[in-house]
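A.B. asks:
Structure below.
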């Protein structure tokens, strides 16, 4: 037992949900001879029940722990009550498994799932006693790295993170551990390790690059500041999913977590190319697991976890080529064991009631679809490739099959959006309701129908055709929300929307550059954390942080960017070319759609990875 | 089909597993162990699992009981072995046997309580707390809060040791359906009484559960 453990254990008596901090769950890994191993602290910058629902962490945790020379332990952001206890009792942030201080680890890795978790990263470093700025870390300090979708433009964190890992971690995480062992025996200094790993494809060391700005605040140039460092950093992918590390067990938490079930990842990437969707470009090209491998993995997962529910995971699940076969064979191994199977991410254009009947044996309540925009014109602009007929036909199938609640997701503030597009959302929802009443009473279930309309505010993201687009101003978003609310005349439609201030900051940090590093540090000092949680988000504090640092957030979110401008993330190569994104951006304004990868190759550039859908 | 009574311990950080989470932990462990558990009838069938006496959050124990219905195809030895392979390390099955007594006859439970105070405490000070005829306390019930005399719930107490800042109590407290008290209410009131600031640490450990066997108090089994 270390010196903090006793105090830590007593602190748990004074807080809510102590099970967040105890570890020792079934399938968690505890290693002896800790000090003789490469020690990796996998940090999720949110609370336990959110972080434990994340598949990427589970994969890398078990993968790294399979190495006999490495120990990987988990760290989550302590909830505010626990943070107070830690600070009051001088307890540093501890890992979940061995309750050791995070600063005792060799590599401290954060996963960047959403921009609004950045303040938690800084707060966790602060609680660990690790200097926030990488330039201030001494020879004995851990290396702080980050991966995940937001790492592709990690520039706002460039002063804080020692190195970024771009792309899928199955191979590259092993390479940085190998390099760590070699470096450790070499006795070289801290910077030498960063130099060694900067040669690994997919590793980006931000301090090895200098950024120069023009007078107008835009970027003049980004270039390496030493020799042997490549101008562009290309993301890593696993070419053959079946042949890479396959997760066949999961930690089974004590407490209820957000996704408390088996997650079976069926493919990576998306064939669609919706122009607002960052994931659709970041994870190209589409690569599928074989059905045989999935069945084998599902069986092991069932045996190893004891979970009563299994969910298929991917972007746009209904695009899996052998979905019918997969579901049939999964049902053979789940039904007798009383395991429920669920299918998220269904598209309205290839929805099958037969499939839904099969998987949802008991509960028949709600279905969710995402038309994203209210008119066909705007759906063409964003390349959603969903027709009104598709949605109405699907609604008809669902109502006929006994459903009487449908949720519809839309975005407001999309490029080229007009008043008509906003009102179109209400029209579409009303048409869906009309479909319900067309169905004979003896077939449909219940006397009435509920359609829930949810809108989120469009956030332009890097590596999408809309990366050059300005975001709608907060007041415009609010008036559009108001317009939609007034356009809804039926009581069967309920409407909810997202806070626009959060979306604004999301845009700022998504498209931000290195000058935002000081703002993050200031915001943490002001007490910003858990910004993704409404009850903790404090917009005023953020505005104070921006003004103290002399940074105008509107520069990042509200500016229409010219195609010729150098973007803060231009030196990162996701395999999709900037030319392709420009072409898609132009096509959006022409209201022209682009076919999916399976219909026709549009030449995005992802063939360079030499695998996946490009070679089907 | 047979109902088995499993005696188990809940130690270490396992004390922070809540009652509801413990139920889920057992359900999933039984799944993993692939034991032939029986399910309830009805729209939402669940495994037939009943805990004899819930344990307060933050308390360790070496004598917990849970009754589980299994098909006859499995022996008690197999249940013990296969569950222990599939339970998290802080929960261990100690014994599997046929239930003898009924959970509704439970009347009391014994706790060993280790306390570290910020200041020295004498045995006499502690004993004078328990010697009071009336100890007013607030008890949370399903309907809200209720004023009680804590003395009615303390059946017996001994100061096993008191040395410097540390002391150890052996307390027999009311438990079960008739009258039940969480041990931390006792330590909280003691803390207030001693008036020496917040205790540095409090460790509570349940050692035994008792039931009323036709007016004779015997160990639950």
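Chains as they are written, first to last, in my numbering: chain A, 1 to 616; chain B, 1001 to 1221. Glycine included, every Cβ here is placed at the ideal spot set by N, Cα and C. Please read all numbers here as calculations on a predicted model, not as lab measurements.
1) Quick one: what's got a C-beta closer than 6 Å to residue 398(A)'s C-beta in the same chain, skipping five residues either side?
2) Please state whether DSSP places residue 494(A) in a helix, a strand or coil.
3) To be precise: take each residue of the region 303-327 of chain A, compare its Cβ to all Cβ atoms of chain B, and keep it if any distance is under 8 Å. Which residues remain?
4) Between which residues of its own chain and residue 1074(B) is the CB-CB distance below 7 Å, once the five residues before and five after are set aside?
5) Ignoring anything shorter than 3 residues, give me the beta strand (DSSP E) runs that lie fully in the region 544-600 of chain A, in order along the chain.
6) Using the beta-carbon of each residue, which ones in chain A are nearer than 9 Å to residue 1028(B)?
7) Just the Cα atoms here: how many angstroms apart are residue 361(A) and residue 26(A)?
8) Between the Cα of residue 9(A) and the Cα atoms of 17(A), 22(A) and 16(A), which residue gives the shortest distance?
9) Hey, is residue 10(A)'s beta-carbon within less than 8 Å of any beta-carbon in chain B?
10) In the DSSP assignment, what are the bridge partners of residue 1205(B)?
11) By alpha-carbon positions, which one of 1215(B), 1158(B) and 1008(B) ends up nearest to residue 1060(B)?
12) In angstroms, rounded to a whole number, what distance separates the CA positions of residue 483(A) and residue 421(A)?
13) 8 Å is my cut-off, CB to CB: does residue 23(A) come that close to chain B?
14) Mind checking if residue 13(A) is an interface residue toward chain B, Cβ cutoff 8 Å exclusive?
15) Using 8 Å as the threshold, is the C-beta distance between residue 382(A) and residue 52(A) below it?
16) What is the C-beta distance between residue 1076(B) and residue 1065(B), in whole angstroms, given that I count them as a contact (C-beta under 8 Å)?
17) Tell me whether the beta-carbon of residue 1113(B) lies closer than 8 Å to the beta-carbon of residue 1183(B).
18) For residue 1032(B) and chain A, any beta-carbon pair shorter than 8 Å?
19) Look at the alpha carbon of residue 509(A) and the alpha carbon of residue 570(A), and state the distance between them as a whole number of angstroms.
20) Can you tell me which of the three DSSP states residue 1130(B) falls into?
21) Could you pull out every residue in the same chain whose Cβ sits closer than 7 Å to the Cβ of residue 1011(B), ignoring the five residues on either side in sequence?
22) Could you pull out every residue in the same chain whose Cβ sits closer than 8 Å to the Cβ of residue 524(A), ignoring the five residues on either side in sequence?
23) Taking the straight line between their C-alpha atoms, what separation do you get for residue 30(A) and residue 38(A)?
24) What is the C-beta distance between residue 112(A) and residue 150(A), in whole angstroms, given that I count them as a contact (C-beta under 8 Å)?
25) Of the residues 1126(B), 1101(B), 1006(B) and 1119(B), which one's Cα is nearest the Cα of residue 1161(B)?
26) Anything in chain B within Cβ reach of residue 523(A), meaning under 7 Å, just list it in chain order.
27) DSSP three-state call for residue 1069(B): helix, strand or coil?
28) Going along chain A, which residues have a C-beta under 9 Å from residue 1052(B)?
29) Below 9 Å on C-beta distance, what does residue 1058(B) contact in chain A?
30) Considering only C-alpha positions, which residue in the set 450(A), 148(A) and 263(A) is nearest to residue 308(A)?
31) Could you confirm whether any beta carbon from chain B is found closer than 8 Å to the beta carbon of residue 411(A)?
32) Please give the ranges of any beta strand (DSSP E) in the region 471-520 of chain A, keeping only runs that are unbroken, at least 3 residues long and fully inside the region.
33) Please check if any C-beta of chain B sits within less than 8 Å of the C-beta of residue 255(A).
34) In terms of residue numbering, what span does the beta strand (DSSP E) encompassing residue 110(A) cover?
35) Could you please give me the residues that DSSP links to residue 368(A) through a beta bridge?
36) If you follow the alpha helix (DSSP H) that residue 1004(B) is in, where does it begin and where does it stop?
C.D. replies: With the structure as the only source:
1) Excluding sequence neighbours, residue 398(A) sits near 367.
2) Strand, per DSSP.
3) Those would be 303, 304, 305, 306, 307 and 308, in chain order.
4) Here the set comprises 1035 and 1036.
5) Secondary structure in the region 544-600 of chain A: no beta strand (DSSP E) run of 3 residues or longer lies completely within the stretch.
6) Within chain A, the residues whose beta carbon sits less than 9 Å from that of residue 1028(B) are 26, 252, 305, 306, 307 and 308, listed in sequence order.
7) With a pLDDT of 49 at residue 361(A), under the threshold of 50, the modelled position of this residue cannot be trusted; read the value that follows with caution. Taking C-alpha positions only, residue 361(A) is separated from residue 26(A) by approximately 29 Å.
8) Ranking 17(A), 22(A) and 16(A) by Cα distance to residue 9(A) puts 22(A) first.
9) Residue contact with chain B for residue 10(A): present (Cβ-Cβ distance below 8 Å to some residue of chain B).
10) DSSP lists 1060(B) and 1112(B) as partners of residue 1205(B).
11) Nearest C-alpha to residue 1060(B): 1008(B).
12) In this model, residue 483(A) and residue 421(A) are separated by some 11 Å (Cα to Cα).
13) Output row for residue 23(A): interface = yes.
14) Yes, residue 13(A) lies at the interface with chain B (some Cβ there is under 8 Å from its Cβ).
15) Contact: no.
16) Not confirmed; about 14 Å, so no contact.
17) The answer is yes: Cβ separation under 8 Å.
18) The beta carbon of residue 1032(B) falls within 8 Å of a beta carbon belonging to chain A, placing the residue at that interface.
19) Residue 509(A) and residue 570(A) have their C-alpha atoms some 16 Å from each other.
20) Of the three classes helix, strand and coil, the one that applies to residue 1130(B) here is helix, per DSSP.
21) Close CB contacts of residue 1011(B) within its chain, under the 7 Å cut and outside five residues either way in sequence, are with 1060 and 1090 (chain order).
22) If we look at residue 524(A) and ignore the five residues flanking it on each side, its Cβ neighbours are 119, 122, 123, 126 and 132.
23) Approximately 14 Å between the Cα atoms of the pair.
24) Their Cβ separation, rounded to whole angstroms, is 4 Å, which keeps residue 112(A) and residue 150(A) in contact under 8 Å.
25) Nearest C-alpha to residue 1161(B) among 1126(B), 1101(B), 1006(B) and 1119(B): 1126(B).
26) Per Cβ cutoff of 7 Å: no residues; residue 523(A) is ~32 Å from chain B at best.
27) Residue 1069(B): strand per DSSP, three-state reduction.
28) For the C-beta of residue 1052(B), not a single chain A residue is nearer than 9 Å; the gap to the nearest is close to 20 Å.
29) Neighbours of residue 1058(B) in chain A, taken as residues whose beta carbon is under 9 Å from its own, are 12, 13 and 18 in chain order.
30) When each option's Cα is compared against that of residue 308(A), the closest is 263(A).
31) The beta carbon of residue 411(A) sits no closer than 8 Å to any beta carbon of chain B.
32) As far as the region 471-520 of chain A is concerned, its whole beta strand (DSSP E) runs of at least 3 residues are 493-497.
33) Yes, contact with chain B.
34) Element bounds for residue 110(A): 107-111.
35) Beta-bridge pairing links residue 368(A) to 407(A).
36) Careful: residue 1004(B) lies outside any alpha helix (DSSP H), inside the beta strand (DSSP E) at 1002-1010.
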